[in-house]
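What follows is one structure encoded as structure tokens, with my remarks underneath.
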Amino acid sequence: MNYSLAAMLLLMVAVCLGLYLVIIGIRQHKRLPALGLTHAALAICGFIALCLQIAADTSNKFNNAAAFFLTLAIIGGLMVFALHEKGKAPSMPIVVLHAIMGSVGLILIAVGVFS
Numbered sequence: 787m788n789y790s791l792a793a794m795l796l797l798m799v800a801v802c803l804g805l806y807l808v809i810i811g812i813r814q815h816k817r818l819p820a821l822g823l824t825h826a827a828l829a830i831c832g833f834i835a836l837c838l839q840i841a842a843d844t845s846n847k848f849n850n851a852a853a854f855f856l857t858l859a860i861i862g863g864l865m866v867f868a869l870h871e872k873g874k875a876p877s878m879p880i881v882v883l884h885a886i887m888g889s890v891g892l893i894l895i896a897v898g899v900f901s
């Protein structure tokens, strides 16, 4: 089975949820913890699928680079979670860095899948 495709699909759904969370945070200045945990769970499942693909086939360098950027995104997500204040939107600079790292990882997976 191609776990890269599964990782890409899971991460795409996580990105859509993350974008929705950012929009809610900017417009209404609040957090949705359940949606945030769903976003995190989907991203972690995508990361695990990517790690399974890397364990099965280490020759795809795009997957290796994607794993590096997704690790940085996970660290950024943990920082967003750790630094939040109850009832307030998260710190947007950290969210932007988290989103950039995750998006770069997703793009690298897509390049690896479609190349």
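Using this note's numbering, the first residue of the sequence shown is number 787, and each one after it goes up by one. In this text, a Cβ means the ideal position worked out from N, Cα and C, and glycines have one as well. No experiment lies behind these values; they were computed from the predicted model shown.
Residue closest to residue i, alpha-carbon to alpha-carbon, out of the options
i      : options                           : result
CYS837 : VAL897, ASN788 and LEU807         : ASN788
LEU818 : PHE855, ILE860, ASN846 and GLU871 : GLU871
ALA829 : LEU856, PRO876, LEU869 and ALA868 : LEU856
ILE810 : ILE893, ILE886 and MET878         : MET878
PHE854 : GLY888, LYS874, ALA875 and ASP843 : GLY888
7 Å Cβ cutoff met for residue i and residue j
i      : j      : result
LEU796 : GLY822 : no
ALA827 : ILE895 : no
ILE861 : ASN849 : no
ALA835 : ALA793 : yes
Inter-residue Cα distance where the pair is residue i and residue j
i      : j      : result
TYR806 : LEU864 : 18 Å
PHE900 : LEU858 : 24 Å
VAL882 : VAL808 : 9 Å
VAL866 : ALA820 : 15 Å
PRO876 : HIS825 : 15 Å
ARG813 : ALA885 : 18 Å
ALA868 : GLY898 : 32 Å
LEU791 : ILE880 : 28 Å
Cβ-based neighbour list, residue i, same chain, cut-off 8 Å, excluding 5 preceding and 5 following
i      : result
LEU803 : LEU821, THR824, HIS825 and LEU828
LYS874 : HIS815, LYS816 and ARG817
Beta-carbon proximity list for residue i, same chain, < 6 Å, skipping 5 on both sides
i      : result
LEU892 : LEU797
VAL890 : PHE855
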